[in-house]
Amino acid sequence: MWVVALVTWLLAVFLAVIYLQERSKEWQLRSEQSKYRLELAQEIVSRNLDRVRADLLFVAKLPTVKSANKKTPESLRETEAGFAAFLASQKTYSQIRLIDRKGMEVVRVDWNGSEANVVPVRDLQDKAERYYVSDSLSLEPGEMFTSEFDLNEEQGEIERPLRPVIRFVTPVPDSGQPGNLLVFNYEGSDLLRELASISLPGRTYLVRNDGQFLLAPTSQSAWGWILGHHQNFESVFKGLSLASISEDQVVQTPHGCFSARQLAPESRGSGFSNVPPGLRLVSHFSVEETFVRSRQLLYWLLALGGVMLVPLALVTRFWAAAIDRRELQNQRVADSEKRLRELSSRLVNLQEDERRAISREIHDSLGQQATAINLNLRLLKGNLNADSEPQLEMLIDESEQLLSHLHGFATRVRPAELDDIGLKEAVQSHIWDFESRTGIDCEFRWNVVDLKVDETIEENVFRLVQESLNNIAKHAQAKLASVELKFEESENGSELQLIILDDGVGLKADSGASGNTGDEQATASGSSGRLGMLGMKERVELLGGRIDVTTRNTGGAAIKIEIPVKDSRR
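Note that the UniProt record's numbering gives residue 388 to position 388 of the sequence shown, counting from 1, and the numbers run on in steps of one.
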């Protein structure tokens, strides 16, 4: 049943709107959380590495460290003791070294997690081939080099267990010139743990621009370019490339929603940069995490919809039955109204036929008899004496008046022009008679050229003109009136328009309302005017037309009647 389908569709739309609104709100929340996660992660990185930079530049300016440029045993021992004390106080560096300009370690102190260990001279290594040494030789005092974020190597081998490290290098001033290179090995594990433990839904990844993980969904996916495995961003999230995630834009994918932010420039630079190059922070919400609340709401709405459909189907069934009964009743009323309209139309046609017969009877019988009486009286006048002449004159005048009244009555009942020469002449004749009877000037405009309409329409249009002018004469208190008939073409077909205007008192009750049928005229015209307008309305409706009675802005009333016609031009 269409009613059940409609109600079910409306319910589905309603529930879908609620779900989509909640999904949109949750997506907005995830977007905000993603942006906040990136900001927080960047703040963590910047805070930690800014502290490293400050520590590095501070230590480089210590007198004991500067004195190590001389490489005397005493100065080197003082530097080793200073490095050991510094590592014990900070506990965030795995190693501090001094490397001379040839790349050879001069001093090296390691931190094993609980204590500082000074590396003996025999175990010091040549680092001249390492990129962070060669790239740092061009630095001036006060400048700093930051290495890539990678794994620590000892004797050319990856240290086990894995130790993520960032190397910060600055030259120690030596009489205003660059001296030994001071190298801090920053322990990256603490930084990665802090990034992973951000207290927000979702996860944070640290990824190189080539898609290699440093902080990955699983530990087995990280450090692939060093450890030699092939797990990277594109292999973990198949079909998704890191480059497709625009800067600070939240992207929804089959793997969930992602956003990314560049942490440092692509190329490795020098100077005061304290962030490892070519790294991106990535925020990730899995599919389950992205729309967890809206998914729960969807299940609840589906259950609610199922519960609501049972009583709704019963109510809809009774409602549909009531509608069917009402439609049947309305159809019966419409059929009854149609029969009444057909009866009214037949009555109007019978009335017109009767008027035509009465008019012909008056013209053909009573008119001829009255004319004969008048002629006989005039003949009799010549044969009577002078004493009878006044009475005879009076009889002749009365017979002429009777004849005039008979002709006028016959014209009002059914103008002969309407049958003989057409609507235009009948209306014109009636207007002349109206002007002579009432003294009201009436203008007639005929803007219909070569149009032949049905006889029924002509008869009713004439009656509408007749009734309108009758109302103006009785109730409008007008001095001027106008009648216009014109033919109009429109998208809905052809129509005959009758427009009647006067400068009288207009409509007195709610006269400004457009589209009324003239019942308001009753306040100015009394019951006869109301009945006249109702009769006009019935005639127009029987012809399938429209009637509009309004008060004009300049005073007086305006009647506009539109009647559909078939254009059968000669």
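The C-beta atom is built at its ideal place from N, Cα and C for all residues, glycine as well.
Just grab the DSSP bridge partners of residue i for me.
| i | result |
| --- | --- |
| T456 | According to DSSP, T456 bridges with nothing at all. |
| Y186 | Y93, I166 |
| Q177 | D174 |
| residue 591 | This structure gives no information on residue 591, because the portion of the chain shown stretches from 1 to 570. |
| H284 | R203, F258 |
| R445 | E484 |
| Q497 | K486, E562 |
| E154 | E157 |
| I547 | I561 |
| D324 | Its beta-bridge partners do not exist; DSSP assigns none. |
| A116 | W111 |
| T146 | F168 |
| residue 621 | Past the boundaries of the shown model lies residue 621; the chain is included only from 1 to 570, so the question cannot be answered. |
| C502 | Per the sequence shown, the amino acid found at residue 502 is Asp instead of Cys. Answer is A481. |
| L279 | R208 |
| D126 | M104 |
In whole angstroms, what separates the C-alpha of residue i from that of residue j?
| i | j | result |
| --- | --- | --- |
| R101 | D55 | 22 Å |
| D150 | I226 | 8 Å |
| K338 | K486 | 29 Å |
| L263 | E74 | 42 Å |
| E129 | Q95 | 19 Å |
| S429 | T438 | 14 Å |
| G103 | Q249 | 44 Å |
| A116 | S175 | 30 Å |
| D324 | I18 | 33 Å |
| Q33 | W27 | 10 Å |
| H230 | S67 | 47 Å |
| Y186 | E153 | 14 Å |
| R23 | E327 | 42 Å |
| T64 | G142 | 17 Å |
| S244 | Q252 | 11 Å |
| T554 | R539 | 28 Å |
| Q477 | D433 | 18 Å |
| T72 | S134 | 25 Å |
| R108 | R293 | 55 Å |
| R317 | T8 | 12 Å |
| M394 | E488 | 54 Å |
| A524 | V549 | The predicted position of A524 is uncertain, since its pLDDT is 41 and thus under 50; no value can be drawn from it. |
| Y132 | K91 | 23 Å |
| S189 | R163 | 7 Å |
| V307 | A12 | 13 Å |
| S511 | M533 | Residue confidence is low: S511 scores 39 on pLDDT, short of 50, so the model does not pin down where it sits. Its coordinate-derived value is still stated next. Taking the straight line joining both Cα atoms gives about 14 Å. |
| V448 | L375 | 43 Å |
| K61 | G113 | 26 Å |
| F444 | E435 | 11 Å |
| L57 | D50 | 11 Å |
| R97 | V172 | 12 Å |
| N330 | Y299 | 44 Å |
Check whether the Cβ atoms of residue i and residue j sit closer than 8 Å, and answer yes or no.
| i | j | result |
| --- | --- | --- |
| F233 | G224 | no |
| L20 | G305 | no |
| G535 | E467 | yes |
| P178 | L139 | yes |
| L480 | D503 | yes |
| L314 | T204 | no |
| G545 | I559 | no |
| G202 | E289 | yes |
| R105 | K70 | Arg is not the amino acid found at residue 105; the sequence shown has Glu there. Against a cut-off of 8 Å, the Cβ pair of K70 and E105 comes out as no contact. |
| F285 | R30 | yes |
| L200 | L215 | no |
| C442 | V505 | no |
| V427 | S494 | no |
| P217 | V236 | yes |
| G145 | V52 | The sequence given here has Phe at residue 145, not Gly. No; because the gap between Cβ atoms is not below 8 Å, this pair is not in contact. |
| L192 | N48 | no |
| I457 | I563 | yes |
Return no unless some Cβ of chain B is closer than 8 Å to the Cβ of residue i.
| i | result |
| --- | --- |
| Y299 | No chain B appears in the structure shown, which is made up of a single protein chain. |
At least 3 beta-carbon pairs within less than 8 Å: the region 164-173 vs the region 233-243: no
Three or more C-beta pairs below 8 Å linking the region 79-86 and the region 25-41: no
3 or more residues per run - each beta strand (DSSP E) lying fully within the region 206-261: 213-215, 251-253
Touch test, the region 445-461 against the region 493-506, Cβ-Cβ under 8 Å, three pairs minimum: yes
Complete runs of the alpha helix (DSSP H) confined to the region 36-90 [at least 4 residues]: 63-67, 73-90
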